[in-house]
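Contents: one structure, followed by commentary.
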Amino acid sequence: MENIQALYYSLELISFQDLSNIPHESQAELAMKIEDLQDHLKLVIDEHPPSSSKQQLDLL
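In our numbering, the protein residues as written are 4 to 63.
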């Protein structure tokens, strides 16, 4: 589960840092795909939270 959470946060960083390196006409589509993946990952995290990090998920 920690790997899924790390992936979620990595996708957040990618969406803010690396989109500027992608051609403008592709940025919106890629941003939507990243957001969709983040949404799906968040659903998985919410459905299967590790008991030790439940408080961290409440911050999302």
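Note that the Cβ used here is the ideal one computed from N, Cα and C, for glycine as well.
1. CA-CA distance, Ile7 and Val47?
2. Taking just the CA atoms, how far does Glu28 sit from Ile17?
3. Rounded to whole angstroms, what's the CA-CA distance from Leu44 to Tyr11? Just pull it up for me.
4. From Ala31 to Asp42, what distance separates their C-alpha atoms?
Reading it off the structure:
1. 8 Å
2. 17 Å
3. 6 Å
4. 16 Å
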